[in-house]
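*Asks:* Please read through the structure below; I'll follow up with questions.
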């Protein structure tokens with residue numbers, strides 16, 4: 536969120552005022568829609584009485600959206616854009632590492648859907664799960680894997696898009712609230728009325744007051760769980776820590792991010808790279824691989840000497856190569872260049888230039904939260 540990371544106080548005030556203005560407009564729109572719906576229902580009830588008074592009149596059964604006016608339908612169409620038409624194609628095996636987190640999510644999400652008869656009476660499934668941990672550790676990606684494996688409709692929610700009503704219609708469904716701290720942070724004196732109303736509505740919906748919330752799971756993610764409002768934290772009964780990847784997970788992430796790109800890496804090289812990237816998050820490693828993937832391209836621009844190939848393809852080499860032919864990349868045809876394979880040294884250069892983004896202080900704060908208020 537721009538406000539959270541903005542350092543300029545004037546810009547922060549401007550962002551805050553704009554956000555409050557938009558939230559206020561949203562609240563007014565909501566009140567207008569509610570008033571319009573109530574008027575439409577009252578008019579329909581009056582017409583129904585007139586028809587029944589005539590005797591023998593048959594009334595067609597109405598669907599749940601028949602009373603919606605044009606504004607309500609427009610709003611619902613807008614909310615529908617937040618629903619993925621298909622479940623995300625991310626499987627458990629696509630998520631490197633995080634084995635304990637995956638096991639916890641299987642227990643909390645998959646088992647109640649597959650064996651609903653086991654979760655009756657006092658044994659009820661979790662209604663709110665909080666994924667917390669340093670930034671870039673794969674919380675959002677893991678949420679998509681949960682939706683895929685659970686074969687559930689996936690709602691990704693941010694700001695004030697509270698989609699509980701539609702989630703109930705599409706059950707089983709998962710409402711994923713990324714960076715939930717920006718929506719439900721600790722309450723303070725400077726908090727606006729609109730912000731307080733959003734938090735109250737969110738709490739009411741999570742409690743399921745006046746509605747059946749069976750089949751709806753709220754999955755939240757945050758980098759700063761200690762900043763959440765106490766009442767919100769209580770709603771997320773299950774809390775799962777998403778740590779930085781271990782060496783085995785980092786090695787697998789290098790494999791996944793490199794994919795089918797031609798390379799000369801051995802298993803020993805992968806293990807060595809995993810050791811050299813201690814403390815790197817999943818997103819940090821993605822940056823390292825992207826930089827390494829560009830190293831062969833830079834060789835084309837810089838080295839400019841090419842040994843002849845039996846298949847009449849050219850590839851960069853050092854000027855001292857005995858079979859080198861001095862050329863610039865401008866002299867090479869589009870189909871004449873042989874893609875240079877990735878080497879271990881390409882990754883060493885990338886690691887040296889791409890530093891990790893998670894500090895030891897960040898990790899300590901998460902560990903303290905895990906001991907005091909988190910679980911798993």
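Residue numbers (my numbering): 536 to 911. In this text, a Cβ means the ideal position worked out from N, Cα and C, and glycines have one as well. Since the model is a prediction, treat every value here as computed from it, not as a measurement.
Are the CB atoms of residue 669 and residue 786 nearer to each other than 8 Å?
*Replies:* Not closer than 8 Å, so no.
*Asks:* Going by Cα to Cα distance, which pick from 804, 753 and 799 is closest to residue 782?
*Replies:* With distances taken between Cα atoms, residue 782 lies closest to 804.
*Asks:* Return the CA-CA distance between residue 842 and residue 879, expressed in angstroms with no decimal places.
*Replies:* A caution first: residue 842 carries a pLDDT of 43, below 50, which makes its placement in the model too unreliable to give a value.
*Asks:* Tell whether a beta-carbon distance below 8 Å holds between residue 680 and residue 630.
*Replies:* Cβ distance < 8 Å, so residue 680 and residue 630 count as in contact.
*Asks:* Here's the rule: buried if 16 or more other CB atoms are within 10 angstroms of the residue's CB, otherwise exposed. What is residue 903?
*Replies:* Burial call: exposed.
*Asks:* Excluding sequence positions up to five away, which residues of its chain have a Cβ less than 6 Å from the Cβ of residue 881?
*Replies:* Excluding sequence neighbours, residue 881 sits near 827 and 830.
*Asks:* Less than 8 Å between the beta carbons of residue 644 and residue 706, yes or no?
*Replies:* Cβ atoms of residue 644 and residue 706: not closer than 8 Å.
*Asks:* With a 10 Å radius around its C-beta and 16 neighbouring C-beta atoms as the bar for buried, classify residue 758 as buried or exposed.
*Replies:* Residue 758 comes out buried.
*Asks:* Can the beta-carbon of residue 801 be found less than 8 Å from the beta-carbon of residue 886?
*Replies:* Not a contact, by the Cβ cut-off of 8 Å.
*Asks:* Can you find the residues in the same chain that come closer than 6 Å, C-beta to C-beta, to residue 682, ignoring five residues on each side of it along the sequence?
*Replies:* Closer than 6 Å at the Cβ level, and outside the excluded window around residue 682, lie 622, 623, 689 and 709.
*Asks:* Taking 8 Å as the threshold (C-beta atoms), are residue 820 and residue 672 in contact?
*Replies:* No, Cβ-Cβ distance for residue 672 and residue 820 is not below 8 Å.
*Asks:* Let me know the secondary structure DSSP gives residue 676 once reduced to three states.
*Replies:* In this structure, residue 676 counts as helix in the three-state DSSP scheme.
*Asks:* In three-state terms, what does DSSP make of residue 571?
*Replies:* Residue 571: helix per DSSP, three-state reduction.
*Asks:* How close, in whole Å, do the beta carbons of residue 777 and residue 667 come, if the pair is a contact with beta carbons under 8 Å?
*Replies:* Correct: roughly 7 Å between the Cβ atoms.
*Asks:* Out of curiosity, what's the CA-to-CA distance linking residue 809 and residue 563?
*Replies:* Distance between the alpha carbons of residue 809 and residue 563: 53 Å.
*Asks:* So what does DSSP say about residue 683, is it helix, strand or coil?
*Replies:* Three-state DSSP puts residue 683 in a helix.
*Asks:* Go ahead and label residue 772 buried or exposed: buried means 16 or more other beta carbons lie within 10 angstroms of its beta carbon, across all protein chains shown.
*Replies:* That one is exposed.
*Asks:* Please work out which residues of its chain come closer than 6 Å, Cβ to Cβ, to residue 876, disregarding the five sequence neighbours upstream and downstream, and give them in chain order.
*Replies:* 797, 798 and 799, listed in sequence order.
*Asks:* So what does DSSP say about residue 587, is it helix, strand or coil?
*Replies:* Residue placement at residue 587 cannot be trusted, given a pLDDT of 41 that sits under 50; what the coordinates show is reported in the next sentence. The answer is helix: DSSP assigns residue 587 an H, G or I state.
*Asks:* For the alpha helix (DSSP H) that contains residue 765, what are its first and last residues?
*Replies:* Residue 765 -> alpha helix (DSSP H) spans 765-770.
*Asks:* Pick from 897, 760, 892 and 626: whose alpha carbon is nearest that of residue 823?
*Replies:* The candidate whose alpha carbon is nearest that of residue 823 is 892.
*Asks:* Just curious, the beta strand (DSSP E) that residue 710 is in, first and last residue?
*Replies:* Counting along the chain, the beta strand (DSSP E) containing residue 710 begins and ends at 708-712.
*Asks:* Who are the Cβ neighbours of residue 597 in its own chain at under 6 Å, not counting the five residues just before and after it?
*Replies:* Any reading at residue 597 needs caution, since the residue's pLDDT is 44, under 50, leaving its predicted position unreliable; the model's value is listed next. There are no such residues.
*Asks:* Could you give the distance in angstroms between the alpha-carbon of residue 569 and the alpha-carbon of residue 676?
*Replies:* Their backbone Cα atoms lie some 36 Å apart in a straight line.
*Asks:* Can the beta-carbon of residue 636 be found closer than 8 Å to that of residue 754?
*Replies:* Going by C-beta atoms, residue 636 is not nearer than 8 Å to residue 754.
*Asks:* Given the structure, does residue 817 come close to the ligand ADP, in the sense that its CB is under 7 Å from one of the ligand's heavy atoms?
*Replies:* The ligand ADP is absent from the structure shown, which contains no ligands of any kind.
*Asks:* What does the alpha-carbon distance come out to for the pair residue 784 and residue 795?
*Replies:* Taking the straight line joining both Cα atoms gives about 19 Å.
*Asks:* Can you name the residues that DSSP bridges to residue 499?
*Replies:* Coverage of the chain is limited to positions 536 through 911, which leaves residue 499 absent and any answer about it impossible.
*Asks:* Would DSSP call residue 825 helix, strand or coil?
*Replies:* Three-state DSSP puts residue 825 in a helix.
*Asks:* Hey, would you say residue 716 sits closer than 8 Å to residue 762, going by beta carbons?
*Replies:* Yes, the Cβ-Cβ distance between residue 716 and residue 762 is below 8 Å.
*Asks:* Taking the C-alpha atoms as reference points, what is the distance between residue 567 and residue 662?
*Replies:* Using only the alpha carbons, I get a separation of about 31 Å.
*Asks:* Look at the alpha carbon of residue 737 and the alpha carbon of residue 888, and state the distance between them as a whole number of angstroms.
*Replies:* Those two C-alpha atoms are separated by around 43 Å.
*Asks:* Assuming residue 641 contacts residue 756 under a Cβ cut-off of 8 Å, what Cβ separation, rounded to an integer in Å, is found between them?
*Replies:* Not confirmed; about 18 Å, so no contact.
*Asks:* Quick one: Cα of residue 572 to Cα of residue 561, how far?
*Replies:* Those two C-alpha atoms are separated by around 16 Å.
*Asks:* Rounding to the nearest angstrom, what Cα-Cα distance links residue 905 and residue 574 in this structure?
*Replies:* So the two alpha carbons sit approximately 50 Å from each other.
*Asks:* Buried or exposed: where does residue 650 fall if 16 or more other Cβ atoms within 10 Å of its Cβ makes it buried?
*Replies:* Classification for residue 650: exposed.
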